Structures are given as C-alpha cells and as structure tokens.
Amino acid sequence: GAVVSQHPSWVICKSGTSVKIECRSLDFQATTMFWYRQFPKQSLMLMATSNEGSKATYEQGVEKDKFLINHASLTLSTLTVTSAHPEDSSFYICSAREGGRSYEQYFGPGTRLTVT
Amino acid sequence: TQLLEQSPQFLSIQEGENLTVYCNSSSVFSSLQWYRQEPGEGPVLLVTVVTGGEVKKLKRLTFQFGDARKDSSLHITAAQPGDTGLYLCALGAGNQFYFGTGTSLTVIP
C-alpha cells in the first residue's frame, strides 16, 4: 500500500521558537495533503487542506499565520508551527491523497510536539 | 461543526464479548471509511463503504452502511485485547476529509 512518512516523529522545543514538520508520500504523488491535530483520546481535527502548488485552505479557527503550510511538490508538504506555545503541544498527523482517488487517503505515523 | 457523531465515546469490555460502534451524520455522504488508531500512531484504514445497505466483513469485524447513507456501524465479534484502540469513522466532503468523534475501545483480557 501507499506509504506516508513524517519527520520528526517527536520534537521538544522551547516556547517562542518555531518547528517544522515534514510529510512525504514515498511511493505515490499526492495532489492533496491534509494536516490534523489530535489531543489524547480524542478524534483528529482537520487543520488545513493543501494542494500542490497552491495556498492551503484552513479550517475555521485555525490561525494560518501560526501554522504555515507549504505543499511545494507532489511528494512533500510541511507544517511550520511558528512562535510555539505550550498549548500547541499536541499530536500532529498528515495524510495524503493520490490524484483521482476521491476518497482514499493514507496517513503518516504522526509527530508528537511538546513545547516547554 | 461536527459532521459525524460516534457512539459510544468510550467502551470497556471483557475479552470474548461482542460490541457495536455507531457513526451518524445529518447529511448524506457518498462514501465512508473506518479507521483504527493505536496510541502514538497514525490511523490505519480498515474499510471503505460506498453503497447504501452495503455490508463488508473483515475477519471478526462487520461494517454496515445505512440504506440512506447517513449512518454506519462497526460490529466486532468475540473481541480480543488486540482490538483495543481508537475507532474512527470518516467521510470526504468535497476536498475536505472529516473524522467522527471517535470511540475508544478497551478489551480487558
């Protein structure tokens, strides 16, 4: 099956710094990638949808200037958490959808972000 | 706005028991997916259902898509400790993809 990787798998950063999370589709071209945030024992909350070469579409309540998303190629999307605060600590998961397959998407293993 | 409501939210059962998880929406959707997620990992796709009334089986798991395509259920027979995890239904709406509220299942040996 299609494989999506995330890097890093976990990161600890100090309050006020920025951290970048990468999401890569390893064996297919992802025309659309999604970024989710998840708190313990809760469901995934969609943060934004990005299409290769265009600006990301953010869900209501998600600050686009704080969570910068770049989908620069068909295999890579990045999420940068700028000026991180402890409340940004969470599990961030990306997923990727192959062009033409409207309902199939593949998830990365997630990135655990802890802001101290 | 939560498009998909799951019930129950938490479920703790003994090994060998049966259980059903429900996923409901106020809107009709064209397809629905069920995922299972273990702590610290991404969700893993279990099944996709696309036809109203469709029933799919995956070993001890039975998935049903409602006739009106507004609800779905997941039934697990003879649950095992390895079934423990967070079960999520999800649907695509246009270019977005949304998850249900989730059901956290614990199977006690």
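For the protein sequence lines, the chains are A and B, in the order given.
Mapping of the first sequence onto my numbering: residues 1 to 116, in sequence order.
Mapping of the second sequence onto my numbering: residues 117 to 225, in sequence order.
Where is the CB? At the ideal position from N, CA and C, for every residue including glycine.
Source: prediction; values computed, not measured.
Item, Value
"Cβ-based burial, residue 174 of chain B [other Cβ within 10 Å; buried from 16]", "exposed"
"Coil, strand or helix - residue 65 of chain A by DSSP", "coil"
"DSSP three-state assignment for residue 87 of chain A, whether helix, strand or coil", "helix"
"Test item: CB-CB of residue 164 of chain B and residue 153 of chain B under 8 Å", "no"
"Where the segment 23–52 of chain A meets chain B: residues whose CB sits under 9 Å from a CB there", "32, 34, 36, 38, 40, 41, 42, 43, 44, 45, 46, 49 and 51"
"Cα-Cα separation between residue 52 of chain A and residue 35 of chain A, rounded to whole angstroms", "14 Å"
"7 Å CB neighbourhood of residue 21 of chain A in its chain, flanking five on each side removed", "6, 78, 79, 92 and 111"
"Minimum Cβ-Cβ distance from residue 67 of chain A to chain B less than 8 Å", "no"
"CA-to-CA distance, residue 182 of chain B to residue 170 of chain B, given in whole angstroms", "7 Å"
"Residue 115 of chain A: first and last residue of the uninterrupted beta strand (DSSP E) it sits in", "111–115"
"Chain C contact for residue 179 of chain B (CB, 8 Å cutoff)", "Judged by its chain identifiers, the structure shown contains no chain C, and its protein chains are A and B."
"Neighbour-count burial assignment, residue 176 of chain B, 16 or more Cβ in a 10 Å radius", "exposed"
"Proximal residues to residue 213 of chain B (C-beta, below 7 Å), its chain only, five neighbours per side dropped", "206"
"With 16 other Cβ atoms within 10 Å as the buried cut-off, status of residue 88 of chain A", "buried"
"Residue 157 of chain B: contacting residues in chain A (beta-carbon distance under 8 Å)", "109 and 110"
"Reference residue 25 of chain A; option with closest CA among A/98, A/113, A/114 and A/19", "A/98"
"Endpoints, the beta strand (DSSP E) within which residue 31 of chain A is located", "30–38"
"Neighbour-count burial assignment, residue 69 of chain A, 16 or more Cβ in a 10 Å radius", "buried"
"Endpoints, beta strand (DSSP E) assigned at residue 48 of chain A", "44–51"
"Beta-carbon proximity check, residue 194 of chain B vs residue 134 of chain B, cutoff 8 Å", "yes"
"Residue nearest to residue 191 of chain B in terms of C-alpha spacing, selected from B/162, B/180 and B/184", "B/180"
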